Amino acid sequence: MVVTRFAPSPTGYLHVGGARTALFCWLMARRHKGKFILRIEDTDQKRNTPTAAQQVINDLRWLGIDWDEGPDPDDLTRSIGPHGPYLQSRRRNIYDKYLQKLLDLGKAYYCFDTPEELQNLRQKAQTHKKTFLYPRPDKFPDAEDLEKARADGRPIAVRFAMPCREIVIDDVVRGRVTFAAGEFGDFIIRKSDGFPTYHFACVVDDELMQVTHVIRGQEHLMNTPLHQALQQALGFRIPVYAHMSVTVSEGGGKLSKRERANTFLQFIKNNTHRINLNALARTGHLTPSELDAFLNGQSAPDGPLITAMAEHLGVHLPEINLIDFLHSGYLPEALINFLALLGWNPGDNREIMTKDELIAAFDLERLIKANSLFDRQKLIAFNTEHMRLVEPIKLLDHFKNYLRAHDSPLAQADDAILAQLLKACAGARTLADVENKCKFIFIDKIEFDPKAVIKVLKKPDAPDLLAQSRTALAQLHPWNENSIRQAIEMLCKKNNVGLGKVAQPLRVALTGTAVSPPIADSLVLLGKQKTLKRIDAALQFLKHEEYGD
Ligand code: GLU
């Protein structure tokens, strides 16, 4: 049976690259009716935050990736599956057992170096232009040495004695990769804080959890010889390895959090004169001096704070973490489809694919070696398609989830209204587009977008046509899509003008902007009373503008 695992080190929100790894592992397991395991690699006490694992789990659930074994999503301390616990921090006794085995076999040894001593050794190697390899002692420390080190208060770690022989990795994506003998030195498998290192915990768990296929990012290729040497020393199986190609951003580099912060800083730089920095600091929960440090490139606040400040200023930042895509109004179905095609293809020209179609077509053999481009325009196109394809009831769920994440004024609306909005906005590219187009219904006072005022309301015939619309609509009964459409068509005929001439001024009057769902839908959604009130306010506004008050 195929068994794959996704093994994030939870240090914060799930990066979209991590989501892609998770997706490929999941697709592989589902394709072969195997098992997909979620394992939390939280052995780095300095980097893991307590909420990070829960966040990763929430992110995976949003994406629609489920696991057969792993932590219980509702209570991380509980396990689902027979090989738990699935949090490495809770498996220390298991690692210790295998560690002892290596010590007993003389394949690992204690070491007591302080960080300064190690730094000196490293520096020496650097001065001689040599790669640093830890100098293995002629005789491994014994129990007495261990006692003494303990009494002296020295750090106590354990190193694996790396065999000096060529190592060959047969990787599904990269082919045969050979590492020369002596390329790797003895490496730490248990740190002085008592926790195993990533290499050791990962190898022990892949064996005990019966993982058959390790699918992970290319950056781990250099770790694989270490893992293989450990597997051989412990008499473990060697799983199939597939190191996935890298995804690059349109700017050419890695998709990194820095890209988001930089876009934000650039915007501030270009708009300094019209930004109220105190209000901005308040939105980001920063003191003015913390904001200052950020603007001067000395420190960067947490991702969610940057997101809050960007939303406050209406700046769009490139999405990097999975949660950013939720905030920008993408559908998980679209993201899954898009991510699956980064470094893989179904072997025909299909692009838009559902989850089930992806599962049916997935195949490790078609993972490609070349880097893939994170093409954001393509993602928008995919999202537009999936907005159309997804079942209305699911789309409604996604919309509600999106609105909740935003504290949007639309979140108060009931399901029937939200479903109506989605229907009226058919063809929208993202859920954010739907929200933006429909916000006007839920706010008390609209603000006129100066561009829309110039382009539409200030056209010579606009005020008159708006006034005529007011009269016609005031008499209208019943108030529905049909009656409204007829009334508008009649006005167009009477004045011998196209639909836009009547509809656009109305749209700006109702929404303050030039975008909304189709005009009759917009009027129905807003209701008769509010419609008439807003037309009056727009006519009033135009009068004031004319007389310059
Ligand atoms: N915890 C490692 C990471 O997040 C897992 C690597 C692996 O899949 O072996 O990169």
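According to the working numbering, the sequence shown is numbered sequentially starting from 22.
Every residue, glycine too, gets a C-beta built ideally from N, C-alpha and C.
Keep in mind the model is a prediction, meaning the values are calculated, not measured.
Practice prompt. Give the secondary structure of M265 by DSSP, where H, G and I count as helix, E and B as strand, and everything else as coil.
Written response: strand
Worksheet entry | In chain order, each alpha helix (DSSP H) run of at least 4 residues that lies wholly inside the region 312 to 350 | 324 to 334, 343 to 348
Worksheet item: To which residues does DSSP link P413 through a beta bridge?
Response: None; P413 has no bridge partner.
Worksheet item: Taking DSSP as the reference, what is the three-state secondary structure of H149?
Response: coil
Worksheet item: Hey, out of A535, D485, A530, whose CA is closest to L512's CA?
Response: D485
Worksheet item: Below 8 angstroms, can you find three or more Cβ-Cβ pairs linking the region 110 to 118 to the region 221 to 234?
Response: yes
Worksheet item: Along the chain, where does the alpha helix (DSSP H) that runs through T284 open and close?
Response: 278 to 292
Fill in: CA-to-CA distance, H337 to S277, given in whole angstroms
16 angstroms
Discussion item. In the DSSP output, which residue or residues are listed as bridge partners for F200?
Written reply: I188
Worksheet item: Beta carbon of T199: closer than 8 angstroms to some heavy atom of the ligand GLU?
Response: no
Fill in: Euclidean distance between Cα positions of D570 and L563
With a pLDDT of only 47 at D570, under 50, the local geometry of the prediction cannot be trusted, and the value read off the model is given with reservation. Cα-Cα distance, rounded: 10 angstroms.
Worksheet item: So does P30 have its beta carbon nearer than 8 angstroms to some heavy atom of the ligand GLU?
Response: Position check: residue 30 holds Ser in this sequence, whereas Pro was assumed. Yes - the ligand GLU has a heavy atom lying nearer than 8 angstroms to the Cβ of S30.
Worksheet entry | Sufficient close CB pairs (3 or more, under 8 angstroms) joining the region 255 to 269 to the region 285 to 293 | no
Practice prompt. For the alpha helix (DSSP H) holding G33, just list the boundary residues, first then last.
Written response: Where G33 is concerned, there is no enclosing alpha helix (DSSP H), given that its DSSP letter is neither H nor E.
Worksheet item: What's the gap between the Cα of A43 and the Cα of P162?
Response: 41 angstroms
Worksheet item: Just checking my contact of P19 with L59 at CB under 8 angstroms: how many whole Å lie between their CB atoms?
Response: What is shown of the chain runs 22 to 570, which leaves residue 19 out entirely.
Practice prompt. Tell me whether P217 is buried or exposed, calling it buried when 16 or more other Cβ atoms sit within 10 Å of its Cβ.
Written response: buried
Discussion item. If I measure Cβ to Cβ from Q561 and keep anything under 6 angstroms in the same chain, skipping five residues before and after, which residues do I get?
Written reply: none
Worksheet entry | Where V536 falls, given that 16 or more other Cβ within 10 Å makes a residue buried | exposed
Discussion item. What does the Cβ neighbour count give for E187, buried or exposed, with the cut at 16 atoms within 10 Å?
Written reply: exposed
Fill in: Test item: CB-CB of L409 and G448 under 9 angstroms
According to the sequence as given, residue 409 is Arg; it is not Leu. Cβ atoms of R409 and G448: closer than 9 angstroms.
Discussion item. Which residue wins for smallest C-alpha separation from L126, given the options N79, A254, S213?
Written reply: A254
Worksheet item: Going by beta carbon distance, what residues of the same chain come within less than 7 angstroms of Q249, once the five residues before and after it are set aside?
Response: I188, I190, I259
Fill in: Endpoints, beta strand (DSSP E) assigned at L97
96 to 101
Practice prompt. Report the option in L553, A282, A432 whose CA atom is closest to the CA atom of L492.
Written response: The question names Leu, but residue 492 is Thr in the sequence shown. It is L553.
Practice prompt. Find the nearest neighbour of I505 within the set F403, N516, V523, judged by alpha-carbon distance.
Written response: V523
Fill in: Length-filtered (4 minimum) alpha helix (DSSP H) runs lying within the region 377 to 445
397 to 410, 413 to 427, 436 to 445
Discussion item. Quick check: I78 and D89, are their CB atoms within less than 9 angstroms of each other?
Written reply: no
Worksheet item: Going straight from the alpha carbon of Y155 to that of I177, what length do you get?
Response: 15 angstroms
Item to complete: Please decide whether Y423 counts as near chain B, where near means a Cβ-Cβ distance under 9 angstroms.
Response: Among the chains of the structure shown, chain B does not appear; only one protein chain is present.
Worksheet item: Can you give, in chain order, each stretch of the alpha helix (DSSP H) that sits fully within the region 481 to 546 and has at least 4 residues?
Response: 483 to 495, 502 to 516, 520 to 532
Worksheet item: Roughly how many whole angstroms lie between the Cα atoms of L443 and V518?
Response: 30 angstroms
Worksheet entry | For K514, the nearest candidate out of S310, H407, S490 (CA to CA) | S490
Discussion item. Whole angstroms are fine: how far does the CA of A314 sit from the CA of L286?
Written reply: 12 angstroms
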